[in-house]
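Data first, discussion second: the structure below is written as structure tokens.
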Amino acid sequence: KFRKPLIPFPISWRHCSGKHNPEDLLTRGLSSRDLITFIKWWHGPEWLRDAENLWPKVKEFENELVNSEVTSEYKSCVIVSSAIVQEKILDPGKFSCLRNLLRVTAWVVRFVNALKRKNAEKGPLTSDELTNAEMFWVRITQNDSYSNEITCLKNNKSLPRDSKLLCLNPFLDSNGILRVTGRLGKSTHLSTFEKHPIILPSKTKLTELLIWDSHKRVFHSGVSHTLVQVREKYWILKSRQTIKSVLSKCTICKRFNSSPGTQVIAPLPDIRVEQSAPFTIIGVDFAGPLFVKDTNAKQYILLITCAVTRSVHLELVGDMTTDTFLLAFRRFISRRGLCSVVISDNARTFKRAELEIKRIWNILNHPDVKNFYSFNGIKWQYIVERAAWWGGFYERMVRTVKTALRKTLGKSCLTVEQLLTVLIEIEGMINSRPITYVGSDTEEPTALTPAHFLLGKRITSLPSVRLRLDSNLSSRKCLIKSFNYRERLMRSFWTRWKNEYLLNLRSAHLSLVKNSSPFKVNDVILIKDDHLPRNFWKLGRIIELLPGRDGKVKACKVKTESTIIKRPVQLLYNLEIQD
Numbered sequence: 001k002f003r004k005p006l007i008p009f010p011i012s013w014r015h016c017s018g019k020h021n022p023e024d025l026l027t028r029g030l031s032s033r034d035l036i037t038f039i040k041w042w043h044g045p046e047w048l049r050d051a052e053n054l055w056p057k058v059k060e061f062e063n064e065l066v067n068s069e070v071t072s073e074y075k076s077c078v079i080v081s082s083a084i085v086q087e088k089i090l091d092p093g094k095f096s097c098l099r100n101l102l103r104v105t106a107w108v109v110r111f112v113n114a115l116k117r118k119n120a121e122k123g124p125l126t127s128d129e130l131t132n133a134e135m136f137w138v139r140i141t142q143n144d145s146y147s148n149e150i151t152c153l154k155n156n157k158s159l160p161r162d163s164k165l166l167c168l169n170p171f172l173d174s175n176g177i178l179r180v181t182g183r184l185g186k187s188t189h190l191s192t193f194e195k196h197p198i199i200l201p202s203k204t205k206l207t208e209l210l211i212w213d214s215h216k217r218v219f220h221s222g223v224s225h226t227l228v229q230v231r232e233k234y235w236i237l238k239s240r241q242t243i244k245s246v247l248s249k250c251t252i253c254k255r256f257n258s259s260p261g262t263q264v265i266a267p268l269p270d271i272r273v274e275q276s277a278p279f280t281i282i283g284v285d286f287a288g289p290l291f292v293k294d295t296n297a298k299q300y301i302l303l304i305t306c307a308v309t310r311s312v313h314l315e316l317v318g319d320m321t322t323d324t325f326l327l328a329f330r331r332f333i334s335r336r337g338l339c340s341v342v343i344s345d346n347a348r349t350f351k352r353a354e355l356e357i358k359r360i361w362n363i364l365n366h367p368d369v370k371n372f373y374s375f376n377g378i379k380w381q382y383i384v385e386r387a388a389w390w391g392g393f394y395e396r397m398v399r400t401v402k403t404a405l406r407k408t409l410g411k412s413c414l415t416v417e418q419l420l421t422v423l424i425e426i427e428g429m430i431n432s433r434p435i436t437y438v439g440s441d442t443e444e445p446t447a448l449t450p451a452h453f454l455l456g457k458r459i460t461s462l463p464s465v466r467l468r469l470d471s472n473l474s475s476r477k478c479l480i481k482s483f484n485y486r487e488r489l490m491r492s493f494w495t496r497w498k499n500e501y502l503l504n505l506r507s508a509h510l511s512l513v514k515n516s517s518p519f520k521v522n523d524v525i526l527i528k529d530d531h532l533p534r535n536f537w538k539l540g541r542i543i544e545l546l547p548g549r550d551g552k553v554k555a556c557k558v559k560t561e562s563t564i565i566k567r568p569v570q571l572l573y574n575l576e577i578q579d
């Protein structure tokens, strides 16, 4: 508050000579003993006690400049009356646990009571002291939030119409605590807290601590179980919404209940949607092991699939050496032609796999293999570690081959020659599968298959007799006519591939993820491991975001306790509290 000075304005200035001015006594020197009895020090000059007309006549000092300065100084002079805010001895906001808040409060109350009486209580805190401490904070919280309602109830008045407690029909108990009236007051089987729970607001520190305490008592169960535990004593306004908000910050629950990261489906790469010769863009993977009769060695399948026409090529390899892999790959190139891009799993994909799968990577990563690829102008691309679905176009073919083998062989064990024959027959069957819609109309053309791009027809189809060559034509003209017919046939196949197969890929994943998960650098995440229970999964911190072709984050570089790894977002569980 501000108030005007008590001194009237204007002020008259007068002169007091040094011999009459008690202020000069300090500069001239005076003993303390003489100062006690010195009348001028205590009462001022003698003439000052007389009437004003008897004061010494002196010329008044007047100056416009001085008067203006005094006036401005006077106008800016105010007296400030400030209220002293006392800091709380105990602040619930500084506690993260209800138990600690109640214990500290109980000890403070015991100390204060010990100052008032001689026979102070000793020993550990009792349950009554902790209960009193809890009710102490309940009263403070209610007085801060519902002071108007408490005043109305004390004066036997009705609550305001805009009161949030009006629908609860509250009342004050003997301790001055707001409770819900309810309809169970006549029950003899329920406790007082169950019949008349204590009312608490939703957004207070005490409410948050009570919810945390109840959540821990029910061993980090969900919202409903925590709400039941809270309702045993308290009625929190907007309780379910408040509990959801509090439990969303529980790091223990997030570790076990958080969902993996998601990302919007990216466009297919250009190598998948551009027309190219069969087996120009390929994916490589292994399947097996398979067991045969005539040898103790295991057999493996080298699967090579075309990313554009979806054709497959299967090679049976007898051992896991680099030379064997190179021989199989050379056989593939000799029969299918030289490829330009090879896509395969990353090295760390095989880390926890069987010993044979580890040896597979040793073959693929061998210097001789790399030299062979570089000499032939082949580019090798790797997918991100543990992201097998990134190579889905060849992983799906592995599943198809395995399914056909299981259904064909069952529990039987074949020789190497028999197994090789079955494997090649399965290759022909897979290459004859339809990749476009199979209609029921007899006028519709036959379904397009990968074999149409390899042979011009399905492998199981009868020889074509559509082209009848004139016997009078020379062999050169016959070949040209046959070549032109072949070219027209392949153009029609590629046209159908574009219209019936490629365009259908636009809507293949419309029902999948629409929104992506937000990941940021320095986020703490949980790394999924299919070989370990969830409580043994490693923690990590994101140090780099790895965007895909569409600019969206597809993978992250994560720093763990011992190393730095790359993982797709689908294997990362964010533990950060999202605002």
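Position 205 of the sequence shown, counted from 1, bears residue number 205 in the numbering used here, the numbering being contiguous throughout. Ideal placement from N, C-alpha and C gives every residue a C-beta, glycine not left out. Because the structure is a prediction, the values reported are computed rather than measured.
Query, Result
"Closest to E121 by C-alpha separation, out of R110, S517, V138 and T131, would be which residue?", "R110"
"Name the DSSP beta bridge partners of I301, please?", "A287 and L316"
"For the beta strand (DSSP E) holding I525, just list the boundary residues, first then last.", "V524 to I527"
"Take K411 as the anchor and find which of T400, F291, V398 and S311 has the nearest alpha-carbon.", "F291"
"Looking only at its chain, what residues have a beta carbon closer than 6 Å to the beta carbon of H225, apart from the 5 residues adjacent to it on each side?", "V218"
"In angstroms, rounded to a whole number, what distance separates the CA positions of W380 and V553?", "23 Å"
"Among P267, N522, F536 and S145, which one has its Cα closest to the Cα of C556?", "N522"
"Cβ of A307 within 7 Å of Cβ of I333?", "no"
"What separation, rounded to the nearest whole angstrom, lies between the Cα atoms of N113 and I198?", "27 Å"
"Along the chain, which unbroken stretches of the alpha helix (DSSP H) at least 4 residues long are found entirely within the stretch 408-436?", "416-431"
"Output the residue ranges of the alpha helix (DSSP H) runs that lie fully inside the stretch 251-283 and measure 4 residues or longer, sorted by chain position.", "251-257 and 270-273"
"Counting only the same chain and skipping the five closest in sequence on each side, list residues whose C-beta sits under 8 Å from that of V342.", "I282, G283, V284, Y373, I378, K379, W380 and Q381"
"CB-CB under 7 Å to P56, same chain, minus the five flanking residues each way: which ones, in chain order?", "W47"
"N119 by DSSP, collapsed to three states: which one?", "coil"
"In whole angstroms, what separates the C-alpha of F95 from that of D529?", "36 Å"
"Put E561 into one of helix, strand or coil per three-state DSSP.", "coil"
"Quick check on DSSP: helix, strand or coil for V341?", "strand"
"On the DSSP bridge assignment, give the partners of Y234 in chain order.", "I198"
"Alpha carbon to alpha carbon, how far is H215 from V228?", "10 Å"
"CB K244 to CB L575, shorter than 7 Å?", "no"
"How is the alpha helix (DSSP H) around Q142 delimited, first residue to last?", "S127 to S145"
"Expressed to the nearest angstrom, what Euclidean distance is found between the alpha-carbon atoms of L247 and V223?", "8 Å"
"At what residues does the alpha helix (DSSP H) containing I543 begin and finish?", "No alpha helix (DSSP H) holds I543; the beta strand (DSSP E) holding it covers K538 to P547."
"Among residues of its own chain, excluding the 5 on either side of L166, which ones have a beta-carbon nearer than 6 Å to its beta-carbon?", "L159"
"Excluding sequence positions up to five away, which residues of its chain have a Cβ less than 7 Å from the Cβ of L571?", "P260, R386, I527 and K528"
"Please state whether DSSP places C16 in a helix, a strand or coil.", "coil"
"Tell me the residue span of the alpha helix (DSSP H) that contains R33.", "S32 to T37"
"Taking 8 Å as the cut-off, does the stretch 89-103 touch the stretch 124-142 (at least 3 CB pairs, one atom from each stretch)?", "yes"
"Could you name the residues of the same chain whose beta carbon sits closer than 8 Å to that of S202, not counting the 5 residues immediately before and after it, in chain order?", "I236, L237, K238, S239, Q241 and T242"
"I need the straight-line Cα distance from L532 to F256, nearest angstrom please.", "13 Å"
"Could you work out which residue in L302, L448 and L268 is closest to W582 when comparing CA atoms only?", "Lying outside 1 to 579, the shown extent of the chain, residue 582 is not represented and no answer is given."
"Compute the Euclidean distance between the alpha carbons of R549 and V273, then round it to the nearest angstrom.", "14 Å"
"In angstroms, rounded to a whole number, what distance separates the CA positions of R567 and T126?", "53 Å"
"By how many angstroms is the C-alpha of L178 removed from the C-alpha of E149?", "9 Å"
"For I211, which of K164, R231 and N431 has the nearest alpha-carbon?", "R231"
"Can you look up P367 in the DSSP assignment and give me helix, strand or coil?", "helix"
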